[in-house]
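Q:
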Amino acid sequence: MPTFYLTTAIDYVNSRPHLGTAYEKIAADVIARYKRLAGFDTHFVMGNDEHSQNVFRRARELGEEPLAYCDRMAVEFTEVWRSLDVSLDDFIRTTEPRHRTGVQELVRRMTAAGDIYEGHYEGWYCVSCEAFKQEKDLVEGLCPIHRTRPDWLREKNYFFRLSKYRDALLAHFEAHPDFLVPEIRRNEILRLLESGLDDISVSRAGQAWGIAMPEDPASVIYVWVDALINYITAVGYGTDPAAFERHWPADLHVIGKDITRFHCVIWPAMLMSAGLALPRQVFGHGWLHLKGEKMSKSLGTIVDPLEAAQRFGPDPLRLYLTKEITFGSDGDFTWDRYEDRYNVDLANNLGNLVSRVGAMAEKYRDGVVRPGGASDGRLAETAREAAGSYAHQMDAFALERGAAAAFRIVDAANEYIAGTEPWALARDASHADRLSQVLFDVAESVRVAAVLLLPIIPRSAAEILRRVGHTGDVQDVRLRDADWRGQGERRILKGDALWPRIVAAEGARNEVPVSRPAIVAGGAGRQERQRNHPVEQQNGSGDAASAAPAAAQEAAPAAPAPAAGNAQITIDDVMKLDLRVAKVLTAEKVPNSRKLVKLSVDVGSEQRTLVAGIAEAYEPDTLVGRTIVMVFNLKPAKLMGIESNGMVLAASPDGGTPTLVGFEGEVPPGTRVR
RNA sequence: GCCGGUGUAGCUCAGUUGGUUAGAGCACGCGGCUCAUAUCCGCGUUGUCCGGGGUUCAAGUCCCUGCACCGGCACCA
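Residue numbers for the first sequence, in the working numbering: 6 to 679.
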């Protein structure tokens with residue numbers, strides 16, 4: 006039996022897994038399950054990357070031993086993966102003995118090859134950041150984050166002769182065009198290789214958390230080098246030669262597009278140095294953007310994507326991620342679209358099809374269907390075409406096209422039912438054979454579609470197979486079982502709706518505010534663009550201080566404001582608004598105007614000038630010192646020759662005087678309102 | 001600064017090597033059916049394929065150029 010070994014990136018454990026990491030695991034799992042379906046002896050490995058300084062620090066912050074903290078996180082991670090039905094065969098942690106042994110062995114081999122040499126690394130080091138700083142990053146010689154003077158540090162480091170492997174890597178890329186896909190990633194790396202490589206530091210001095218250099222316990226192997234080696238230690242490198250022999254080289258590394266350099270330059274060079282085979286392929290998937298990310302935090306009614314998976318079962322989420330996102334490109338998750346796909350693909354099309362097949366089989370044939378004569382073969386033909394296309398697309402990791410192929414069968418079956426009208430056939434006994442055949446063909450279509458969907462929605466597909474008469478262990482189902490079977494008797498089972506329709510959105514979506522905040526100050530249009538939030542951030546360098554403040558958003562060109570009317574908007578639209586608390590510093594009436602007041606306000610990070618149309622209701626003097634709410638990301642507009650950089654929120658009854666929005670308690674300027 | 005990607009229907013996107021009237025889903029309109037989860041089926045509306053120039057018998061697709069947005073590198077991992 007051919008083997009297939011695939012891996013995902015191992016995850017930093019300084020925060021809990023989120024939808025971005027889940028996306029990678031689910032996509033990889035779809036591939037793993039597909040490979041099993043296609044008859045490969047598949048080995049699917051995931052893991053946690055635990056030797057980061059951030060992890061060490063985080064654990065200490067929580068007053069825990071680093072290893073105990075990692076143990077806890079490992080449980081959390083694996084529980085999430087299990088709840089998403091990710092079918093991992095092994096889970097490796099970089100603190101495990103098998104990993105440590107293998108890492109040291111590999112470094113020893115690299116050293117023996119003459120590729121590791123001793124050197125020094127020196128530079129400005131900020132103790133608070135625990136990081137070296139570039140000269141140009143310093144502000145007046147101080148760390149820009151901590152405002153402290155960094156130390157000039159010189160530490161002994163071991164270096165890897167990465168530069169030596171440039172030509173070999175180029176040759177490898179040349180000889181293996183599919184080594185890195187999609188192509189855009191390959192091109193990036195090729196350009197990088199063409200521009201030359203520097204040797205890299207592979208150790209850190211003076212740290213205890215990590216794996217020691219084989220001959221120098223005072224130095225610890227750099228965490229990235231440590232992490233990459235998991236792909237071989239997980240299959241027994243240095244500990245289980247037979248297992249290693251069986252699995253290595255890996256057939257596929259599934260990783261995020263941001264870490265292709267590590268996987269396609271450093272990692273292969275390390276393997277070359279140690280005389281080991283290179284992985285056959287690396288797939289750099291895109292990022293998942295989460296438009297509605299913030300809403301889950303602000304509105305308790307709206308659930309986190311992982312919670313959604315737990316609520317509806319993992320399959321709707323799995324289907325969304327594979328079918329709606331071109332694998333390799335960036336994708337986007339919004340609740341609106343998620344519900345849309347759930348209702349259309351699952352509730353209306355597949356789920357309803359399963360329901361009607363079950364109902365008709367029971368009503369017309371007491372639950373047992375068998376061929377009734379000559380079939381017109383139309384559904385068989387569609388199923389054959391779809392299954393062929395499916396395999397072709399899945400082999401190329403075009404997961405979205407594979408999923409679409411399976412759903413072509415579902416669509417065809419629904420159409421076929423409408424065209425043949427089994428309920429009409431049932432009224433006339435002379436059509437009994439024809440009715441039997443129609444029911445049989447439709448049931449068979451459902452069976453084939455379910456086989457193809459097993460990798461994508463494993464739990465539901467198994468249930469569907471059961472309902473259309475599949476007996477035996479679903480684990481034994483193979484791709485060839487998607488071949489059309491025109492014979493045999495099937496017992497069709499009726500059951501509850503697999504996916505009840507989501508009727509109206511729960512929560513805040515339909516709520517209409519009693520008094521709608523109105524525009525009282527200038528601003529010709531509403532800012533249309535929302536800064537996207539990639540939820541996938543692989544590295545753990547996310548110090549709060551280094552995260553770009555939302556204030557860094559630049560003003561985007563505003564699209565013309567649609568005449569809003571009473572059209573409902575989605576929560577996504579709402580989250581485009583950057584509302585901030587501001588404190589009025591000065592206020593003065595705009596000369597020659599009736600309603601306008603010019604305000605300068607403190608928004609925490611900066612001062613802004615606003616023009617507001619509230620002069621009829623408020624004397625300028627009474628506004629000074631007052632805390633208000635403003636639209637922070639509104640495109641500037643000129644009113645009476647004064648540029649207004651934002652808008653003040655107030656309740657504005659028709660024809661009445663506006664009343665400013667305020668707070669019950671004290672709120673510091675700059676706080677976001679949402 | 002250097003390099004790359006994207007820009008297609010109201011929305012989300014697909015369009016493989018240039019080849020007939022540019023597609024899908026959603027949304028919208030009309031009609032049909034009743035087995036089914038107010039589901040399903042059919043028909044229909046909507047497009048300066050970002051702008052401009054060029055190559056060609058033929059361009060969404062190739063070349064040049066402009067604009068907008070995103071990303072990689074330059075500056076670590």
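Here a beta-carbon is modelled for each residue, glycine too, at the ideal position from N, C-alpha and C.
With DSSP as the reference, label residue 480 as helix, strand or coil.
A: Here residue 480 sits in helix by DSSP.
Q: Taking just the CA atoms, how far does residue 316 sit from residue 288?
A: Residue 288 and residue 316: Cα-Cα distance of roughly 31 Å.
Q: Determine the direct distance from the alpha carbon of residue 321 to that of residue 373, and round the result to whole angstroms.
A: Each residue's alpha carbon lies about 30 Å from the other.
Q: What alpha helix (DSSP H) runs, 4 residues minimum, are completely inside the region 235–261?
A: DSSP runs (the alpha helix (DSSP H)) wholly in the region 235–261: 235–238 and 246–252.
Q: How close, in whole Å, do the beta carbons of residue 506 and residue 352 come, if the pair is a contact with beta carbons under 8 Å?
A: At roughly 4 Å, the Cβ-Cβ gap stays under 8 Å, so residue 506 and residue 352 are in contact.
Q: Is the separation between the beta-carbon of residue 319 and that of residue 88 shorter than 9 Å?
A: Yes.
Q: Taking contact to mean at least 3 C-beta pairs separated by less than 8 Å, is the region 38–52 in contact with the region 445–460?
A: Flag = yes, the region 38–52 and the region 445–460 touch.
Q: Counting beta carbon pairs with one atom in the region 155–164 and one in the region 237–255, are three or more of them shorter than 8 Å?
A: Touching, no.
Q: Please classify residue 255: is it buried, with 16 or more other beta-carbons within 10 angstroms of its beta-carbon, or exposed?
A: Buried, because 16 or more other Cβ atoms sit within 10 Å of the Cβ of residue 255.
Q: Here's a check: name, in chain order, each residue in its chain whose Cβ is nearer than 6 Å to the Cβ of residue 380, leaving out the five neighbours to either side.
A: Same-chain partners within the cutoff: 442 and 446.
Q: Return the bridge partner residues of residue 214 from the DSSP annotation.
A: For residue 214, which the question treats as bridged, DSSP gives no partner whatsoever.
Q: Tell me the residue span of the beta strand (DSSP E) that contains residue 290.
A: Counting along the chain, the beta strand (DSSP E) containing residue 290 begins and ends at 287–290.
Q: In this structure, does DSSP put residue 504 in helix, strand or coil?
A: Reduced to three states, the DSSP call for residue 504 is coil.
Q: Under a Cβ-count criterion, where at least 16 other Cβ atoms within 10 Å of its own Cβ denotes burial, should residue 449 be classed as buried or exposed?
A: So residue 449 ends up on the buried side.
Q: Roughly how many angstroms separate the alpha carbons of residue 103 and residue 236, rounded to a whole number?
A: When rounded, the distance between both Cα atoms is 12 Å.
Q: Can you give me the C-alpha to C-alpha distance between residue 282 and residue 272, rounded to a whole angstrom?
A: The alpha-carbon atoms of residue 282 and residue 272 are separated by roughly 11 Å.
Q: Pull up the CB-CB distance for residue 198 and residue 171, whole angstroms please, since I reckon it's below 8 Å.
A: Yes, residue 198 and residue 171 are in contact; Cβ-Cβ is about 6 Å, under 8 Å.
Q: Using a threshold of 9 Å, state whether the C-beta atoms of residue 99 and residue 108 are closer than that.
A: Against a cut-off of 9 Å, the Cβ pair of residue 108 and residue 99 comes out as a contact.
Q: Spatial neighbours of residue 51 within its chain, please: C-beta separation below 6 Å, excluding the five flanking residues on both sides.
A: 13, 93 and 96, listed in sequence order.
Q: In this structure, how does DSSP classify residue 342 when only helix, strand and coil are distinguished?
A: DSSP places residue 342 in helix when its eight states are reduced to three.
Q: In angstroms with no decimal places, state the Cα-to-Cα distance between residue 672 and residue 629.
A: If you take the alpha carbons of residue 672 and residue 629, they lie about 16 Å apart.
Q: Are the CB atoms of residue 386 and residue 413 within a distance shorter than 9 Å?
A: No, the pair does not count as a contact, with Cβ atoms beyond the cut-off.
Q: The beta strand (DSSP E) with residue 48 in it runs from where to where?
A: Here the beta strand (DSSP E) through residue 48 covers 46–54.
Q: Using the three-state DSSP reduction, which class does residue 680 fall into: helix, strand or coil?
A: In the structure as shown, the chain starts at 6 and stops at 679, and residue 680 therefore has no counterpart that could be examined.
Q: By the three-class DSSP mapping on this structure, what secondary structure does residue 169 have?
A: Helix.
Q: List the endpoints of the continuous beta strand (DSSP E) containing residue 11.
A: Run containing residue 11: 8–13, per the beta strand (DSSP E) assignment.
Q: On a CA-only basis, which of 312, 205, 623 and 452 is nearest residue 603? Give me that one, please.
A: Answer by Cα proximity: 623.
Q: Please classify residue 74: does DSSP put it in a helix, a strand, or coil?
A: Here residue 74 sits in helix by DSSP.
Q: Which of the three DSSP states, helix, strand or coil, is assigned to residue 678?
A: Here residue 678 sits in strand by DSSP.
Q: What are the boundary residues of the alpha helix (DSSP H) that residue 30 is part of?
A: Here the alpha helix (DSSP H) through residue 30 covers 24–42.
Q: For the region 330–410, list the alpha helix (DSSP H) runs that are entirely contained and at least 4 residues long, ordered along the chain.
A: Runs found: 340–346, 357–370 and 383–400.
Q: So what's residue 591 in DSSP terms, helix, strand or just coil?
A: The answer is strand: DSSP assigns residue 591 an E or B state.
Q: Would residue 167 and residue 270 qualify as a contact pair, given that the criterion is a beta-carbon distance under 9 Å?
A: It is a contact, given that the beta carbons lie within the stated cut-off.
Q: Under the three-state reduction of DSSP, which class applies to residue 107: helix, strand or coil?
A: Three-state result, residue 107: helix.
Q: Our contact map puts residue 5 next to residue 632 with C-beta atoms below 8 Å; I'd like the distance itself, whole angstroms only.
A: With the chain covering 6 to 679 only, the question about residue 5 has no answer from this structure.
Q: CB-CB under 8 Å to residue 118, same chain, minus the five flanking residues each way: which ones, in chain order?
A: Same-chain partners within the cutoff: 278, 279 and 280.
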